[in-house]
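In mature numbering (1 follows the signal peptide of the UniProt record, and there is no 0), the protein residues as written are -21 to -1, 1 to 1232. Heads up, the beta-carbon is just placed ideally off N, CA and C, and yes, glycines get one too.
Right under this line is the structure:
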């Protein structure tokens, strides 16, 4: 009985926690007077009367009416409310008795004084939903421009702007909520339906557009209504993780039947030792804890919030601001860099006031600089929100990206390892959601605010002076592909040069370099919105490049033409700067623009027509060549004679910044590990405390990835740069501190991988450091094969994610080797990062001789294995093909971490018998996908998704005796555990041609199968009707690896190269790297890593793809004894190799780091391998599972793999890809390395520049 009562008490506590904790702050009941709205017109005498009492205390202010225009007639109480008749007597000060009483009579008082730190007037730190709980009267007093009450103070003059602003993306945040819910499989709507809005009294609100959009408006991205986030407690999970499957024997119902004794059967439900029940509910989806965990993250983890409905967090440089209109128009001190803050930079970055008002503290943070609205808004004010991925990540404009925890690590990590308590972690996470911050120096806010002062001492990077979210941002410098720093002339700058960062080009936007701030391009409408609800940033922009720069044929007409323009666009010639000057003006045939912030600054605009016109003072041959290039791929002729419709780079087909982008932020994913035992506040809606909190942990942040794709039709379907978009991996730790799933990528609503991609304006426009011909077309020296693979989104296998476990196949087992820390940062054991982030653990690792631990499960001879999601797909020789359940691999409560089935084979049979399964693969290989989600009218028509190729339904298995076996594995992507039973879909081996097949590589719907007689190329466009296209004759083909136009084959003779440009007619090249025992091969950008048996690891330089050469042979002083397989992956800023070393087990090598390769930020820095860890398998290690591909959005036949988060956007299709490097006859065409050798032509030149043989 006691146990039952105890259970009921626990249940009550759980229900209470679910309903949220009571308010911490004591609420005071107030009886407010009525404060009328501010009038549009009044006399100055009436306005002065409304300020009389206020000025008796404040005596002087920066602007009596808060406006720069003295014609605006307002008194203090018109905006703020309060009692202006209360005055203090002459000589009265704060220390005088009665002063405080007078102040309280005059002021509007808060109902939650403790939360506001009353009587301080500074913005409170991390306030979030405080505004939803406070009275409208006090909110108006504190900030009359807050969106809840702004109509009262500002509506008589600015109602149009108010309504537009409340509907703008700055307020609703619709793109993050819509994109996150779609990309991660929570909601199936690509026309987004979620957005943030509140009523006057702080209640969640739906928000409607001004009119119901017609079909044409809808096609342009106008949304009718945005709804609040649904309560996470009732939203079914989009994830197919095993914990969310049906079941739940011991996970009890939170709402039991009443009046039925022991209806839950609690006493009978005992946990089995070593086999806990981790299902999240015994009812349907959306009940118990069988809910959408990412939805909790959105409400609790600081992602791109707070937006304009809330104040900034006001706790660190880069986070000081108010809410509503004041978010932008009232400037705070956030950044000491004059390029970012203009003349405001002189006032520091701690949110302190310089107001004339003597009552405002000048030493307290959380105050605006002055009591003044301004249109001279510095970029530093915009960066308060726009420093995060879902908010456009505008750090790129300033030449910065997120720091990766490794560069200049000695300066950023404490010398002695920190062991933060749970309380210390909580205190740090309140200000910075990075899990690593609790261990690093920058978790101390005093250290954080002065990080940029370290710059003169640093050797790897330079840091920005703003720290939104508590983050650090590193500068991007011009580098060549090897990682050498370059100066403005393209000359190398030595890594040892003490002035290297002054000499190297800082890759900020050219617009910033001339002195422009955001408001010099994005005018009133881009700031406020056009009045309609929209879900995509690109569709909410009024300005476009040609509005100011024109095009090759005409000068700009200075009228906005972007997607969000209204009617015929805005006439830019009518705009004025805040100081009254014409913003744009033609003077003597030149177009000038005046700065918004500096009354003495103006610049001449670059005009495209001038740059392409011979004889013009601004003629630029490089620009003219790019803009006037013809489609004549034989001769690459160019000049003014080329008709517009025959130009290669037409304005109607390409965004200007497809070429003018100098670099693009390259996010390689984020880890969100949610923990049940952390109780935190919600940041949205009603707030309140509840359990579960996830830190936010960027994993790879680089700057060398350049990819192209297509925008949706709403943006003209143009070719544009594509970036990876915060692709998530999720983990969960339950209340027993058991990891119920780890590092799992969701699947998007459309069935594509959640490793999301999006067309993007990087805001890194430059004149010199633009893209050149060989960045998008095959170079005539053939040295950009990896660049082309990256460009087309095939991926380069460089930033792949291995995670906590490296999966190793041996002669008798599958092994999950623990290779990283679990806490953040998840450093590889024995690595450079571990040495600085975890010095004690690093030393312990060395003391153990670098030995790792593992979980194992018996198996056959594992020729190939691949982890995808929570399953391990294994070809295990005579034992056939098996799919292991590895969902509990890191669950400390589970004894057997790797299992063949969670219950009887009658309900789960994930095995296919075959005679001698040698290898297996899947078309998406490492990325989980769900084919059946893609096939619906909602996806294909409404969401404009590209149809998924049916090849993605299958796993492809090679068998030495049976040939090729296809197995439908879609059952593992439907979240239904009762149908996990595999059957062969096809066995194919015509005439025994596949006898001895031992390896398979997929290049789109083509399979390259290694056999003793050579490599067979099999066309699987119709998966159940394979077609043998050709046989590449080599001696004893052992393995293959594909990169764009070249297939690398390991054979009995070494490594050979096949030109597969025409995949149906592959061509074996004479090139051969002779190796005695070449086994598996792995390609990562411009290097090939060959497991070469007793010779160890042979690294080939494949920059010139058809002529590989040995770069290095590495055996770690004899430690590499029997190399059979190798993979490469990135963790944070460093590159690692994992080697299946046969009798030597698993070996882990660090290839780059700031310590061993100072050029580690290059596209493909030279590897410098060091052995850092090992694990001894019981039998020889044969194979490795590849890491999750983070930069692969499409396969080699143009079939999409990763989700594109914007409606209609997509990767280039196969025909579009081919046009970049094949002529109409299907033959390759090339561009010179030095494009200046292509001279201007007066007419088309007959003949053929290429032999095409």
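Asked, Found
"Please list, in chain order, all residues of the same chain as residue 81 whose beta carbon is under 7 Å from its beta carbon, the five residues on each side excluded.", "65 and 67"
"Evaluate residue 1097 with the Cβ neighbour count: other Cβ atoms within 10 Å of its Cβ, from every protein chain shown; 16 or more gives buried, anything less gives exposed.", "exposed"
"Are at least three pairs of beta-carbons, each pair with one atom in the segment 678 to 686 and one in the segment 293 to 313, less than 8 Å apart?", "no"
"Determine whether the Cβ of residue 21 lies closer than 8 Å to any Cβ atom of chain D.", "Within the model displayed, chain D is absent; a lone protein chain is all it includes."
"What does residue 1113 pair with, by DSSP beta-bridge criteria?", "1110"
"Exposed or buried, residue 48, counting other C-beta atoms within 10 Å across all chains shown (16 or more means buried)?", "exposed"
"Alpha carbon to alpha carbon, what distance is there between residue 589 and residue 1308?", "With the chain covering -21 to 1232 only, the question about residue 1308 has no answer from this structure."
"When the Cα atoms are used, what is the spatial distance from residue 743 to residue 704?", "17 Å"
"Under the three-state reduction of DSSP, which class applies to residue 441: helix, strand or coil?", "coil"
"State the DSSP-derived secondary structure class of residue 602, mapped to helix, strand or coil.", "helix"
"For residue 190, tell me which candidate among 202, 184 and 182 has the shortest Cα-Cα distance.", "202"
"Identify every run of the alpha helix (DSSP H) within the segment 1 to 58, keeping only runs that are complete inside it and at least 4 residues long; order them along the chain.", "23 to 28 and 31 to 37"
"Can you list the alpha helix (DSSP H) stretches of 4 or more residues lying completely in the segment 571 to 648, in chain order?", "587 to 591, 600 to 606 and 636 to 639"
"Cβ atoms of residue 282 and residue 410: under 8 Å apart, would you say?", "no"
"Touch check for the segment 832 to 842 and the segment 785 to 798: three-plus C-beta pairs under 8 Å?", "yes"
"Could you tell me the alpha carbon to alpha carbon distance between residue 814 and residue 800, rounded to whole angstroms?", "12 Å"
"Return the bridge partner residues of residue 738 from the DSSP annotation.", "701"
"Looking at residue 178: is its Cβ nearer than 8 Å to the Cβ of residue 679?", "no"
"Where do the ends of the beta strand (DSSP E) carrying residue 374 lie?", "Element bounds for residue 374: not the beta strand (DSSP E) but the alpha helix (DSSP H), 374 to 377."
"What do you reckon, are the CB atoms on residue 414 and residue 803 nearer than 8 Å?", "yes"
"Whose C-alpha, out of 1122, 668, 1184 and 1201, is nearest the C-alpha of residue 1158?", "1122"
"Using 8 Å as the cut-off, can you tell me whether the segment 322 to 339 makes contact with the segment 34 to 41, which would need three or more C-beta pairs spanning the two stretches below that distance?", "yes"
"Report the three-state DSSP secondary structure of residue 158 (helix, strand or coil).", "helix"
"Go through the segment 1053 to 1123 residue by residue and report every complete run of the beta strand (DSSP E) that reaches 3 residues or more, in order.", "1060 to 1063, 1066 to 1070, 1076 to 1080, 1088 to 1093, 1104 to 1110 and 1113 to 1119"
"Helix, strand or coil, according to DSSP, for residue 233 in the structure here?", "For residue 233, the predicted structure reports a pLDDT of 49, less than 50, and the residue's modelled location is therefore unreliable. A value from the coordinates is still provided. In this structure, residue 233 counts as coil in the three-state DSSP scheme."
"In whole angstroms, give me the CA-to-CA distance for residue 268 and residue 1198.", "51 Å"
"Among residues of its own chain, excluding the 5 on either side of residue 867, which ones have a beta-carbon nearer than 6 Å to its beta-carbon?", "873 and 876"
"Just the Cα atoms here: how many angstroms apart are residue 473 and residue 1171?", "33 Å"
"Taking Cβ positions, are residue 157 and residue 514 nearer each other than 8 Å?", "yes"
"Closest to residue 390 by C-alpha separation, out of 475, 438 and 797, would be which residue?", "438"
"Along the chain, where does the alpha helix (DSSP H) containing residue 295 start, and where does it finish?", "Here residue 295 belongs to no alpha helix (DSSP H), and DSSP marks it neither H nor E."
"Can you name the residues that DSSP bridges to residue 1243?", "Since the first and last residues shown for the chain are -21 and 1232, residue 1243 lies out of range."
"Take the Cβ of residue 617 as the centre, count every other Cβ of all protein chains shown within 10 Å, and call the residue buried at 16 or more, exposed below.", "buried"
"Assuming residue 706 and residue 735 form a contact by the criterion Cβ under 8 Å, report the distance between their Cβ atoms to the nearest whole angstrom.", "5 Å"
"Hey, residue 852 and residue 934 are a contact pair by Cβ (cut 8 Å); roughly how many whole angstroms apart?", "6 Å"
"Between the alpha carbons of residue 1067 and residue 209, how many angstroms are there, rounded?", "49 Å"
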